[in-house]
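Top to bottom, those sequences are chains A and B.
Just so we're aligned, residue 240 is where the first sequence starts under the numbering used here, counting upward by one.
Just so we're aligned, residue 685 is where the second sequence starts under the numbering used here, counting upward by one.
For glycine and all other residues, C-beta sits at the position ideal for the given N, C-alpha and C.
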Amino acid sequence: MASVPAPTDHMLEDYVVRTRGLTKIYKMGDEELHALDNVALDVKRGEYISIMGPSGSGKSTLFNMVGGLDKPSAGTVYINETDMAQLDAAELAWIRCRTVGYIFQTFNLIPVMTALENVTLPMVFAGKTPDEQLQRGRELLELVGLGERLHHRPSELSGGQQQRVAIARAFANDPSIILADEPTANLDLRTGKEIIELLRQLNKERGVTVISATHDLHMIDISDRVVWVRDGKIDKIEERSHVDIKVGHVDWEDQYAPPAEPIE
Amino acid sequence: MSEKNAARFEVGRVELPWSAAFAISRKNIQVRLGRALITASGILLGIAFLMSVLTSKAVLLGSGQALEPEQATRQTWLIIMSLLVCGVGITNSMFMSVTERFREIGTMKCLGAVDGFVVRLFLIESGLLGFFGSLAGVLLGFLVVCIAHLFKRDLAAIGGMDWGYFGACVVGSLLIGAVLSILATIAPAVRAARLPPAAALRTDV
Chain A
240 MASVPAPTDH MLEDYVVRTR GLTKIYKMGD EELHALDNVA LDVKRGEYIS
290 IMGPSGSGKS TLFNMVGGLD KPSAGTVYIN ETDMAQLDAA ELAWIRCRTV
340 GYIFQTFNLI PVMTALENVT LPMVFAGKTP DEQLQRGREL LELVGLGERL
390 HHRPSELSGG QQQRVAIARA FANDPSIILA DEPTANLDLR TGKEIIELLR
440 QLNKERGVTV ISATHDLHMI DISDRVVWVR DGKIDKIEER SHVDIKVGHV
490 DWEDQYAPPA EPIE
Chain B
685 MSEKNAARFE VGRVELPWSA AFAISRKNIQ VRLGRALITA SGILLGIAFL
735 MSVLTSKAVL LGSGQALEPE QATRQTWLII MSLLVCGVGI TNSMFMSVTE
785 RFREIGTMKC LGAVDGFVVR LFLIESGLLG FFGSLAGVLL GFLVVCIAHL
835 FKRDLAAIGG MDWGYFGACV VGSLLIGAVL SILATIAPAV RAARLPPAAA
885 LRTDV
């Protein structure tokens, strides 16, 4: 199990998310399910981090905690050095509105709203004026390549396009963190790759921290660090350079290279 | 603690202006028109019944007559029952609407909506449906009485009805319809408001 040193004064690292002793217990009748067991995780600002793990490993629970979507049974989550447990409902809503941007596997666009309206919805909650909303909404949709589809509804957009709108929406209020839950799971390989490239580009250009829960190896490929979760604990945290990714690879040259010795 | 760590992250307040809430509710109705019409027709029918009874009463008053007390009581009882049935129908329809939209509501919470916003959106939607359903119901109720008098070849009686009383009934019916619709939606709206943000991640249903 990886041991993560607690940040001290002389550490200059800026941690956008920190968890200490994070525990989540679900009660199912008489039984208790320990989804998360005393997890400590530090995410640096501007990092691109992937959380990996099999179903039931606690990956999704950790993800929910880190994104302020759920409260832990024990332990603390700090987002921007703010203890999430100290916040009331309205303050939590503010954090979700301004500090964290969410991207979902199922895109989760509001079906009755156009692309532009979807992107500007978080801005409505943040109190921006309609003019600001319009201008920024347009900019963001152009940034993700959908400048021509401002007034299309989700039903008129492909999966990849919907996810792009979702990404634009996630950036609506200039968040510190982007939380992506299996963003490419409902997309074909090529579209998924485009989405990943877009996320990585935005991560680099804007210094926004990206935390993703994923099975997609392409996402892991461009991560800075990979967090492996198993049985409610962090198995290990690896720098990308140390992660060995092999996907069913056939080396054609090996297959068809001429024999080393002539065959008699 | 270092200076940077000591500074608490500044937290503000999320808001949902009424104009924005109305716009969202209007879109919800426009795009889900079929479902909206079914919900509104509940109010329409109830108010149509109410209005038909009241119009007949206005006609009676206009000709200087009045209903016997026993009949009047029974009529009042019928009206109350029919409105209750409509209310229950609206509650049922709204509960279904919440179930259909749980992922949407969860997503809105992820975008920064507080419980109050969700309640506001549902009540506005319901109020709009109630008002326009009542409007149609008032027209229908009046028309039914007119047609009944047409068959009795007594259309002139309509002209001689107590228009002051009729006008008051129209306004009253519109109010009753809208209020009934809103009251019937409180329970579903509260349920919707209690959905957690994590509802956005559920992939069942």
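Distance CB(residue i)-CB(residue j) smaller than 9 Å
i, j, result
"residue 463 of chain A", "residue 431 of chain A", "no"
"residue 768 of chain B", "residue 857 of chain B", "no"
"residue 850 of chain B", "residue 742 of chain B", "yes"
"residue 873 of chain B", "residue 765 of chain B", "no"
"residue 803 of chain B", "residue 879 of chain B", "no"
"residue 340 of chain A", "residue 290 of chain A", "no"
"residue 388 of chain A", "residue 400 of chain A", "yes"
"residue 346 of chain A", "residue 796 of chain B", "no"
"residue 338 of chain A", "residue 415 of chain A", "yes"
"residue 427 of chain A", "residue 296 of chain A", "no"
"residue 885 of chain B", "residue 344 of chain A", "yes"
"residue 407 of chain A", "residue 385 of chain A", "yes"
For residue j and residue i, the rounded distance between their alpha carbons
i, j, result
"residue 423 of chain A", "residue 315 of chain A", "30 Å"
"residue 781 of chain B", "residue 866 of chain B", "15 Å"
"residue 395 of chain A", "residue 876 of chain B", "27 Å"
"residue 381 of chain A", "residue 794 of chain B", "23 Å"
"residue 882 of chain B", "residue 302 of chain A", "11 Å"
"residue 759 of chain B", "residue 709 of chain B", "36 Å"
"residue 859 of chain B", "residue 786 of chain B", "30 Å"
"residue 823 of chain B", "residue 366 of chain A", "41 Å"
"residue 718 of chain B", "residue 725 of chain B", "11 Å"
"residue 312 of chain A", "residue 790 of chain B", "21 Å"
"residue 323 of chain A", "residue 798 of chain B", "16 Å"
"residue 869 of chain B", "residue 863 of chain B", "10 Å"
"residue 451 of chain A", "residue 376 of chain A", "24 Å"
"residue 697 of chain B", "residue 335 of chain A", "11 Å"
"residue 830 of chain B", "residue 727 of chain B", "21 Å"
"residue 288 of chain A", "residue 325 of chain A", "26 Å"
"residue 736 of chain B", "residue 729 of chain B", "10 Å"
"residue 705 of chain B", "residue 328 of chain A", "20 Å"
"residue 819 of chain B", "residue 267 of chain A", "50 Å"
"residue 900 of chain B", "residue 419 of chain A", "Here chain B has residues from 685 to 889 only, and residue 900 of chain B is not among them."
"residue 809 of chain B", "residue 738 of chain B", "27 Å"
Opposing strand residues paired with residue i [DSSP bridges]
i, result
"residue 280 of chain A", "A:258"
"residue 421 of chain A", "Residue 421 of chain A pairs with nothing; no bridge assigned."
"residue 322 of chain A", "A:317"
"residue 477 of chain A", "A:465"
"residue 270 of chain A", "A:267"
"residue 340 of chain A", "A:417"
"residue 287 of chain A", "A:449"
"residue 298 of chain A", "Paired residue(s): none; residue 298 of chain A is not in a bridge."
"residue 275 of chain A", "A:263"
"residue 836 of chain B", "DSSP, once it has assigned bridges, lists no residue as partnering residue 836 of chain B."
"residue 310 of chain A", "For residue 310 of chain A, which the question treats as bridged, DSSP gives no partner whatsoever."
Residue i beta carbon near the ligand SAM (any heavy atom closer than 8 Å)
i, result
"residue 374 of chain A", "Absent from the structure shown: the ligand SAM. Ligands present: none."
What are the complete alpha helix (DSSP H) segments, minimum 4 residues, inside the stretch 346 to 418 of chain A?
The alpha helix (DSSP H) runs of length 4 or more contained entirely in the stretch 346 to 418 of chain A are, from start to end of the chain, 354 to 364, 369 to 382, 398 to 409.
At least three beta-carbon pairs within less than 8 Å, the stretch 272 to 280 of chain A to the stretch 433 to 448 of chain A:
No, the stretch 272 to 280 of chain A is not in contact with the stretch 433 to 448 of chain A.
Does the stretch 704 to 718 of chain B touch the stretch 348 to 364 of chain A, meaning 3 or more C-beta pairs lie closer than 8 Å?
Judged by pairs of C-beta atoms under 8 Å, the stretch 348 to 364 of chain A touches the stretch 704 to 718 of chain B, as three or more such pairs exist.
Does the count of Cβ pairs from the stretch 357 to 370 of chain A and the stretch 426 to 441 of chain A closer than 8 Å reach three?
Counting C-beta pairs with one atom in each stretch, the stretch 357 to 370 of chain A and the stretch 426 to 441 of chain A have fewer than three that are closer than 8 Å, which means they do not touch.
Just list the alpha helix (DSSP H) runs in the stretch 754 to 780 of chain B, keeping only unbroken ones of 4 residues or longer that don't cross its boundaries, in chain order.
Correct list: empty.
Segments of 4+ residues assigned as alpha helix (DSSP H) that fall wholly inside the stretch 700 to 750 of chain B
Taken in chain order, the whole alpha helix (DSSP H) runs of length 4 or more contained in the stretch 700 to 750 of chain B are 702 to 715, 717 to 746.
Start-end ranges of the alpha helix (DSSP H) lying completely within the stretch 777 to 822 of chain B, minimum 4 residues
List check, alpha helix (DSSP H) in window: 786 to 794.
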